[in-house]
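Undergrad: What the sequence shown shows, in our numbering, is residues 1318 to 1703, in sequence order.
By construction, the Cβ of each residue, glycine as well, lies at the ideal position given by its N, Cα and C atoms.
None of these values were measured; they are calculated from a predicted model.
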Amino acid sequence: MSDQREERPQHFETLAIHAGQEPDQTTGAVAVPIYQVSTYKQDGVGGLRGGYEYSRSANPTRTALEENLAALDGGSRGLAFASGLAAEDCLLRTLLTPGDHVVIPDDAYGGTFRLFAKVVERWGVEWSVADTSDPQAVRAALRPRTKAIWVETPSNPLLGISDIAVLAGIAHEAGARLVVDNTFASPYLQQPLALGADVVVYSTTKYMGGHSDVVGGALVVNDDTLGDELAFHQNAMGAIAGPFDAWLVMRGIKTLAVRMDRHCANAARVAELLVAHPKVTRVLYPGLPEHPGHEIAAKQMRSFGGMVSFQVAGGEQAAVDICNRTELFTLGESLGGVESLIEHPGRMTHASAAGSALEVPGDLVRLSVGIESVDDLLADLTRALG
Ligand SMILES: Cc1ncc(COP(=O)(O)O)c(C=O)c1O
């Protein structure tokens, strides 16, 4: 880091806008340009002008995003990928060799589960499922070759909460690493590295991008050796974020703090409405005092996030009907955009977990509460619930 950067204020909102975002040296452009380029002229063989030789290895727009990502999580290295799953794949192939074992949560994102069960397992990596909200269950799942404990907190779609600091202690005692998928919280709400985690994983498709217009992923670490190994694999495997996608994520991040504040406020109001509704049998939202992870969430998160799941009377068909009836809440997969989304996890995002230990209840509905007027959102839900 330059001396100039070290003098800057370190508050999250400031870093989100400025970290890695030096005005363009040639033109003074305040927004980092989209370097839509594959290769760079060399001044003689090996004479790189700005350190760039080929955009799979590095690209200035991606570098700006990666520096920003590292700063936001207090890490030493950020890496940007073509999707969240590409980031996960790169991480797993960097950390693991055949015969190694990973503990994964019993309520992970369906695509993460599919990556373990259908892809990584074929390469001889072992995995087992544990309730990561219960440290004893995680301890019991450890094996001699456990190399990582994987945690999603809050989890998708059940909004389970796991204690990052406690799990980091368990992982380190066992000589393993703690990986935290921080997609639901974003670095604004939760800082896993500061709590002891070794790797932070993002689908930047979600809150980081924030506008449902880009698919991307990221890893952040604070260990230089691991950072170098990941960068080697990122280049060797090649699933990098392209310049325009990197730019979109960077642009989204600039407003992350203000968006998250509104997401959280709106979600709290939505949860309140659902708790009081006679057709709703259970509301899963860590901001509710009755949520089993409420105290841990209050300890490790700035606020409780914009995701709310709930179960309804009348089973799967009733849940599907509600998803089909909302107007403002758009029926669609994904989450974390400015617009509110509704989905049926069992038939949509988590269909790949059907029949496994990660199968989700059929009567479950998941909401990604956007930043529209909360009154309009509450009216839409009230109408759809009937
Ligand atoms: C918690 C979580 N992690 C990872 C992913 C995968 O990210 P992507 O869809 O960008 O590959 C998702 C996608 O929904 C997710 O919700």
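Check F1621 in the structure and name its three-state DSSP category.
TA: The answer is coil: DSSP assigns F1621 none of H, G, I, E or B.
Undergrad: At the level of alpha carbons, what is the spacing between E1339 and I1659?
TA: Approximately 38 Å, taken between the alpha carbons.
Undergrad: With a cut-off of 8 Å on the beta carbons, I'd call V1713 and L1386 a contact; round off their distance for me.
TA: Outside the displayed span of the chain (1318 to 1703) sits residue 1713, for which this structure offers no information.
Undergrad: Measuring alpha carbon to alpha carbon, tell me which residue in R1599, G1337 and S1374 is nearest V1354.
TA: Of R1599, G1337 and S1374, the residue nearest in Cα terms is S1374.
Undergrad: Might you give, ordered along the chain, the residues of its own chain that have their beta carbon closer than 8 Å to the beta carbon of G1361, omitting 5 neighbours on each side?
TA: Nothing listed; no residue qualifies.
Undergrad: Roughly how many angstroms lie between the CA atoms of R1586 and A1630, to the nearest whole one?
TA: Taking the straight line from one Cα to the other gives about 21 Å.
Undergrad: Helix, strand or coil for I1613, going by three-state DSSP, please let me know.
TA: Helix.
Undergrad: Return the CA-CA distance between G1622 and T1470, expressed in angstroms with no decimal places.
TA: Cα to Cα, the separation comes out at about 11 Å.
Undergrad: Name the DSSP bridge partner or partners of V1293?
TA: Nothing about residue 1293 can be reported from this structure: the residues present for the chain run from 1318 to 1703 only.
Undergrad: Does the beta-carbon of A1514 have 16 or more other beta-carbons within 10 angstroms, so that it is buried, or is it exposed?
TA: Buried: at least 16 other Cβ atoms inside 10 Å.
Undergrad: Measuring straight from C-alpha to C-alpha, what distance separates M1318 and E1383?
TA: At M1318, the pLDDT of 43 sits below 50, so the modelled position is not reliable; the number obtained from the coordinates is stated separately. About 13 Å.
Undergrad: Among all the DSSP beta bridges, which residues are the ones paired with G1416?
TA: BP columns for G1416 are empty, so no partner.
Undergrad: Quick check: F1433 and W1444, are their CB atoms within less than 8 Å of each other?
TA: For F1433 and W1444, yes; Cβs fall inside 8 Å.
Undergrad: List the whole-angstrom C-beta distance separating V1455 from V1420, where the pair is believed to meet the contact cut-off of C-beta under 8 Å.
TA: V1455 to V1420, Cβ: 6 Å. Contact.
Undergrad: For G1672, does the three-state DSSP call read helix, strand or coil?
TA: G1672 falls in the coil class under three-state DSSP.
Undergrad: Three-state secondary structure (DSSP) at Y1352?
TA: Reduced to three states, the DSSP call for Y1352 is coil.
Undergrad: Quick one, are the C-beta atoms of A1493 and I1466 less than 8 Å apart?
TA: Yes; because the gap between Cβ atoms is below 8 Å, this pair is in contact.
Undergrad: Keeping to the same chain, check which residues put their C-beta closer than 8 Å to that of G1367; ignore five residues upstream and five downstream.
TA: Excluding positions up to five away in sequence, the list reads Y1357 and P1377.
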